[in-house]
Amino acid sequence: MRVEDAQNIFDLREMAKAKLPKWLFEFVDRGTEDEVALHNNRGAFERIQLRPRMLVDVSGRKLDTTVYGKEHKMPIGIAPTGAVGMMWYQGELELARAAKAAGIPFSLATGSITSMEEIADKVGGTLWMQLYMWADRRLSHQLVRRASAAGFESLLVTVDGVVAGNREYNRRNGFAVPFRYNRKNISDVLSHPGWMLKVLGRYIANGGMPNRANFPDELKGKITSDYGGTKETRSDSLCWDDLKALRDIWPGKLLVKGILHPDDAMKSVELGADGVIVSNHGGRNCDAAPAPIEVLPDVVAAVGDRTTVLFDSGVRRGSDVVKALALGAKMVLIGRSTLYGTAAAGEAGAKRALDIYRGEISRAMAQIAALKVSDIGPQHVAFQEEGRLVPAAQPEARARAANVQPLFAQEGR
Ligand SMILES: Cc1cc2nc3c(=O)[nH]c(=O)nc-3n(C[C@H](O)[C@H](O)[C@H](O)COP(=O)(O)O)c2cc1C
146 MRVEDAQNIF DLREMAKAKL PKWLFEFVDR GTEDEVALHN NRGAFERIQL
196 RPRMLVDVSG RKLDTTVYGK EHKMPIGIAP TGAVGMMWYQ GELELARAAK
246 AAGIPFSLAT GSITSMEEIA DKVGGTLWMQ LYMWADRRLS HQLVRRASAA
296 GFESLLVTVD GVVAGNREYN RRNGFAVPFR YNRKNISDVL SHPGWMLKVL
346 GRYIANGGMP NRANFPDELK GKITSDYGGT KETRSDSLCW DDLKALRDIW
396 PGKLLVKGIL HPDDAMKSVE LGADGVIVSN HGGRNCDAAP APIEVLPDVV
446 AAVGDRTTVL FDSGVRRGSD VVKALALGAK MVLIGRSTLY GTAAAGEAGA
496 KRALDIYRGE ISRAMAQIAA LKVSDIGPQH VAFQEEGRLV PAAQPEARAR
546 AANVQPLFAQ EGR
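The numbers in our numbering rise by one with no breaks, and the one at position 372 of the sequence shown is 517.
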């Protein structure tokens, strides 16, 4: 199958599955523990319906949107994912190019193979940097200053990864970070010769195993090398004081990624964050976490107009994007969808994924008679509850059905 023939993101997923070794595909595709959160992320979207409207001329509809004073061609951006460089040779450059061509932001993960300077020099566009706090804060602050010098506009501080998700399938597949060769993962690589030659082989031919190019010198090394002990990439002592310190040293937009509770959103705003990203890390970390789309309205109601709310997790269709916008997100970040595309065909595959989103968002907007992104609101969605449909724009009706406090205190958002 060629990427042009992929009709939707699920087709691209099948292509990625065929190309990647099983340990790598599952690392990208799966969740954590019993994968309840992973499935809920999709299930929650399915329980929300769009409310089609008729007889409105939507021929002039537009997908562009302004976020942080900048115009973006679509209301989506690329979420940071540490695995892009393993999907394709120099996958981060490929995906960043596709994002730039589509006129949307690209987020680079702390753990990427390509350095932030190389992304900025060779691609440019709207660049955001993701940060995992190291136990040694000094090292993290070095990375922050580097990102600022390289021209990155926003810093996404990931706060939902203070402990690693309990991903049992990785251990069963013989996959761990740092990567170690073993009988299981080697035989898996050998049975995917395309990936072995075109991705791994090209790295080895061009200087050896890739390294973590954004790590400070003290921690840098091949992805197979150890960086253990106190220098771990995650820090379970991460706290609000860290956010304050980051606010002091980061001159650009500061976004807190991984928020699921309105109080945490409020506190982020109080400490000077420019935005929160409502996310459960794509169901990869806490299996008992709620589906972010279900808590999005509460977060939006809590912060009001004081900050910008972004969203990710479980998005696979343009209609999912429109649902998140309707519930108050200003932009939706895309994680696995463009990883599948990049694994299928590098930049061309990532472009295909973004083209699919463009078409599907445009179609969904036409169906609800929204001419522009800012027209999309809670009046466009309804929830399935107790076998009945409850419009989001009627908070009392929704509260009655759910027998809980009104979720949509701010009607019209
Ligand atoms: C393979 C993979 C690696 C990821 N790596 C990171 C990371 O390094 N930093 C981070 O903040 N989020 C990371 N994420 C989470 C994404 O940024 C995003 O929250 C998630 O993928 C959204 O869910 P979706 O994949 O269902 O769209 C990763 C996700 C995947 C699938």
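C-beta atoms are modelled at their ideal positions from N, C-alpha and C, and glycine is treated no differently.
Item	Value
What are the uninterrupted segments assigned as beta strand (DSSP E) that are 3 or more residues long and contained completely in the stretch 490 to 546, given in chain order?	526 to 530 and 533 to 536
Output the boundary residues of the alpha helix (DSSP H) element that contains Ser464.	Gly463 to Ala471
Quick one, are the C-beta atoms of Val444 and Val454 less than 8 Å apart?	yes
Would you give the residue range spanned by the alpha helix (DSSP H) that Trp168 belongs to?	Lys167 to Asp174
Can the beta-carbon of Leu300 be found closer than 8 Å to that of Met274?	yes
Round the Cβ separation of Gly494 and Thr487 to the nearest angstrom and send it over; I've been treating them as touching at under 8 Å.	6 Å
Measuring CA to CA, which of Arg187, Gly188 and Leu195 is closest to Gln524?	Leu195
May I ask whether a heavy atom of ligand 2 can be found less than 7 Å away from the beta carbon of His184?	For the structure depicted, ligand 2 is absent and the ligand set comprises only ligand 1.
In whole angstroms, give me the CA-to-CA distance for Ala309 and Asn430.	7 Å
Whose C-beta lies closer than 7 Å to the C-beta of Trp395 among residues of the same chain, with five residues either side of it excluded?	Val289, Ser293 and Leu300
Please report the distance separating the alpha-carbon of Gly373 from that of Gly176.	Its pLDDT being 44, under 50, Gly373 is placed unreliably in this model, and the coordinates cannot settle the point.
Any contact between the stretch 231 to 248 and the stretch 506 to 514? By contact I mean 3 or more CB pairs, one from each, below 8 Å.	no
What does the alpha-carbon distance come out to for the pair Leu342 and Phe320?	19 Å
With distances taken from CA atoms, which of Pro338, Tyr213 and Phe190 is nearest Gly397?	Tyr213
Mapping the DSSP letters down to three states, classify Phe155 as helix, strand or coil.	helix
Does the beta-carbon of Arg357 have 16 or more other beta-carbons within 10 angstroms, so that it is buried, or is it exposed?	buried
For Thr375, which residues of its own chain have a beta-carbon under 6 Å away from its beta-carbon, when the five flanking residues on both sides are left out?	In this prediction, Thr375 scores a pLDDT of 42, lower than 50, which makes its location untrustworthy; no coordinate-derived value is stated.
Out of Val401, Lys389 and Pro442, which one is the CA nearest neighbour of Pro225?	Val401
Output needed for Ala410: all residues of its chain with C-beta closer than 7 Å, excluding positions within five of it in sequence on either side, in chain order.	Ile404, Val421, Val444, Ala447 and Val448
With a CB to CB cut of under 7 Å and the five nearest residues on each side skipped, what residues in its chain are close to Arg451?	Val414
Let me confirm a value: Phe155 is counted as buried when at least 16 other C-beta atoms fall within 10 Å, else exposed. Which label applies?	exposed
Tell me whether Lys167 counts as near ligand 1, meaning its Cβ is closer than 7 Å to at least one heavy atom of that ligand.	no
Would you give the residue range spanned by the alpha helix (DSSP H) that Glu191 belongs to?	Val181 to Glu191
What did DSSP end up calling Lys215 once you bin it into helix, strand or coil?	strand
Under 7 Å from any heavy atom of ligand 1, does the C-beta of Asp520 make it?	no
Ligand 1 and Asp500: does any heavy atom of the ligand fall closer than 7 Å to the residue's C-beta?	no
Would you check whether ligand 1 has a heavy atom nearer than 7 Å to the C-beta of Ile404?	no
State the start and end residues of the unbroken alpha helix (DSSP H) segment that holds Gln287.	Arg282 to Ala294
As a quick exercise: from Trp168, Pro407, Ala434 and Ser519, pick the residue whose alpha carbon is nearest that of Arg317.	Trp168
Quick one: give me the first and last residue of the alpha helix (DSSP H) that Leu441 is part of.	Pro437 to Val448
Do Leu208 and Arg503 count as a contact pair if the criterion is CB distance below 8 Å?	yes
Would you call Thr255 buried or exposed, if buried means 16 or more other Cβ atoms sit within 10 Å of its Cβ?	buried
Leaving out five residues before and five after His217 in sequence, what residues of the same chain have Cβ atoms less than 8 Å from its Cβ?	Asp209, Thr210, Thr211, Gly248, Ile249, Pro250, Thr271 and Met476
Quick one, are the C-beta atoms of Asp419 and Leu399 less than 8 Å apart?	yes
Enumerate, from N- to C-terminal direction, the unbroken beta strand (DSSP E) stretches of 3 or more residues contained entirely within the stretch 222 to 255.	251 to 253
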